Amino acid sequence: MNVFIETLGCPKNEADSRVLSGFFLENQHTLTDDPEQADLIIVNTCGFILDAADESIQRLIAYSTHLKQIKPSVKVMALGCLVQRYSEELMKEIPEIDYWVGLDALESIVPIVEKAPKGENIPQKPNPLFYKVPEHFQEDQQSYSYIKIGDGCNRACAFCSIPTFKGEHISRNPLDIKKEFSQLVETGKRELILVDQDITQYNYEKTGISQLTEELSRIEGDYWIRLMYMHPDHISSELFESLKSLEHLISYFDIPVQHGSDNVLKKMGRKRMVPELKEQIQMIRELFPHVSLRTTIMLGFPGEGHREFEELMAFMEEVRFDKVGFFTFSPEEGTPISVIPFTLENDDIIHERLSQIQDLQKEISAEKNEEFVGTKMQLIVDSFEEDMLVCRSYRDAPEIDSEVFVHLNDEKKKKKPEVGEFIDARITGYDDFDLEAEWLCD
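Read in order, the letters of the sequence shown correspond to residues 59 to 500 in this note's numbering.
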């Protein structure tokens, strides 16, 4: 069977799809990058917010109706978060889908398609983790790979729907994580990114996130470990003290603060207010002097007026995050805020605020980039263009952050490194977000 897997949504879905591809390979199936050559198409969906759900639905319709007109024999599976959240509505809306699978163990999926021409598997209690690790994975050209260490969430942020369809947090067995980690290092992956809904929740028996990271860092090889998604309500100086001496851990932390006004943070259900957030950030920068801090900011949450937005702008200007992802509030059913009457600013005001804060962050980013000109940095090679290496430094997570462009002359083109190789470079230029560099090769 030829299998095509399309992944939508977050890096946790990327990790799931990679493991799922390994299960198909173990069972003597093949993988294809061309949906028109596939016997089975799997869409690993996202159901976090309305825009993500719409994208997933459009992809499912494209495969189950349009592609089936060209190739009637193709089977289509809807998999993951959107199915778990809206299965009843979706089954009525897109009856052409052959398989509906929610958040169930990934190792169960191959038997489903091998034994039944059609089927559905929507667990009453979602199980968003995989417990078995395939013996091998599909080879690809990426320098990095995501490793899911847990999933689900015990937090109660007012805007977030995740707990309603993923359930409470579950931590993976560290033995399974280490096996997967070792396999990926052996295949040449140079950056291993630990992902979870919130990695500070990781707690398997007596192993927490710092102990897990320490054990992974002992595995032999030349690689980076990057930690993603650390809820600010649950980080501490003890955690970062335990992390600071780990050999392979890079100085990059993603801490989604969401806002910079106490009034809005309280309405969001957050525990740490602005003074504590500032103390946290100062603590991390003292322990990790060259740290790159990423955050997420939500605009337009109910209760965000002019004063709250000005407080947010002042907070951002003072704290000066290295990387920021911005998005606007999306009312989601099943969230705590959905049962409270609220009013929103109109869209024009929200998007004007979004534009203002993006301009501020652009200035901050350019100023920070300027500080690196003339310095030497280790880079990881992600891809090639005609006369250029497209790389990243430790400051840049793949897919969401910036890049470093290394220009090649004719002589250096002959020595071109491989994707995933580490190189030394000197930073020679910058723009608002990206850097330019010279490859320091013999």
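Cβ atoms here follow ideal geometry from the backbone N, Cα and C, with glycine treated the same way.
Only a predicted model underlies this, so the values are computations on that prediction, with no experimental measurement involved.
Below 8 Å CB to CB, which residues in the same chain sit around residue i once its five sequence neighbours on both sides are set aside?
i	result
GLU376	LYS336
LYS329	ASP291
LEU498	LYS434, ILE481, ASP482, ALA483 and ARG484
GLU572	This structure cannot speak to residue 572, because the chain is shown only from 59 to 500.
THR401	PRO360
Per DSSP, residue i forms a beta bridge with which residues?
i	result
LYS206	VAL253
HIS87	Looking at the DSSP assignment, HIS87 forms no beta bridge with any residue, so it has no partner.
ILE99	PHE62 and VAL134
GLY383	THR354
GLN316	ILE355
MET446	GLU443 and HIS465
PHE311	LEU285 and LEU351
GLY266	ASN261
Under the assumption that residue i contacts residue j (Cβ atoms under 8 Å), give the Cβ distance between them as a whole number of angstroms.
i	j	result
GLY318	MET374	6 Å
GLN241	VAL477	Not quite, the Cβ-Cβ distance comes to about 19 Å (not below 8 Å), so this is no contact.
GLN196	LEU108	About 32 Å separates the two Cβ atoms, so there is no contact after all.
ARG378	ILE422	5 Å
PRO184	LEU164	Incorrect: roughly 13 Å between the Cβ atoms, too far for contact.
VAL448	SER441	5 Å
ALA524	LYS325	Given a span of 59 to 500 for the chain in the structure shown, any question on residue 524 remains unanswerable.
PHE223	GLY105	7 Å
TYR202	LYS247	6 Å
ASP156	PRO186	Going by Cβ atoms, the distance from ASP156 to PRO186 rounds to 22 Å, so no, they are not a contact pair.
SER275	LEU304	4 Å
HIS465	ASP445	6 Å
TRP282	TYR452	7 Å
ARG352	ASP312	4 Å
On the three-state DSSP scale, how would you describe residue i?
i	result
MET135	strand
ASN212	coil
ARG365	helix
MET356	strand
GLY105	coil
ASN404	coil
ILE283	strand
GLU438	For the sequence presented, residue 438 should be read as Ile rather than Glu. Correct three-state label for ILE438: strand.
LEU304	coil
THR245	coil
ILE398	coil
SER229	strand
TYR260	coil
VAL322	helix
VAL159	strand
VAL431	coil
PHE188	coil
ILE415	helix
HIS124	helix
HIS194	coil
MET331	coil
PRO93	helix
GLN200	coil
GLU278	coil
GLU344	helix
SER294	coil
ILE339	helix
PHE217	coil
ARG378	coil
THR271	helix
GLY80	helix
Can you give me the Cβ contacts of residue i inside the same chain, cut-off strictly under 6 Å, excluding the 5 residues immediately before and after it?
i	result
SER75	ILE63, THR65 and ASN102
HIS289	ASP256 and THR258
GLY279	VAL243
THR354	PRO314 and GLY383
GLU501	This structure cannot settle anything about residue 501, because the visible part of the chain is limited to 59 through 500.
PRO93	PHE62 and ILE99
TYR204	PRO69, GLU72, ALA73, ILE251 and VAL253
ASP454	SER460
By Cβ distance, which residues of its chain are closer than 7 Å to residue i, with the 5 residues on each side in sequence left out?
i	result
THR539	The shown model of the chain, from 59 to 500, leaves out residue 539, and the question about it has no answer.
LEU301	SER268, THR271 and LEU307
ASN60	THR88, THR90, GLN95, ALA96 and ASP97
LYS504	Summary: the structure shown does not reach residue 504, with the chain confined to residues 59 through 500, and so no result is reported for it.
LYS237	VAL191
GLU369	GLY318 and SER319
PRO181	GLY160, LEU161 and ASP162
ARG411	LEU357 and PHE367
ALA214	GLY327 and PRO394
Taking 9 Å as the threshold (beta carbon to beta carbon), is residue i in contact with chain B?
i	result
ARG352	Reference to chain B is not applicable here, since this structure consists of a single protein chain.
Any alpha helix (DSSP H) of 4 or more consecutive residues that is wholly inside the region 162-186: 167-173
Mind pulling the beta strand (DSSP E) runs of 3 or more residues that sit fully within the region 451-497? 462-465, 480-488 and 493-497
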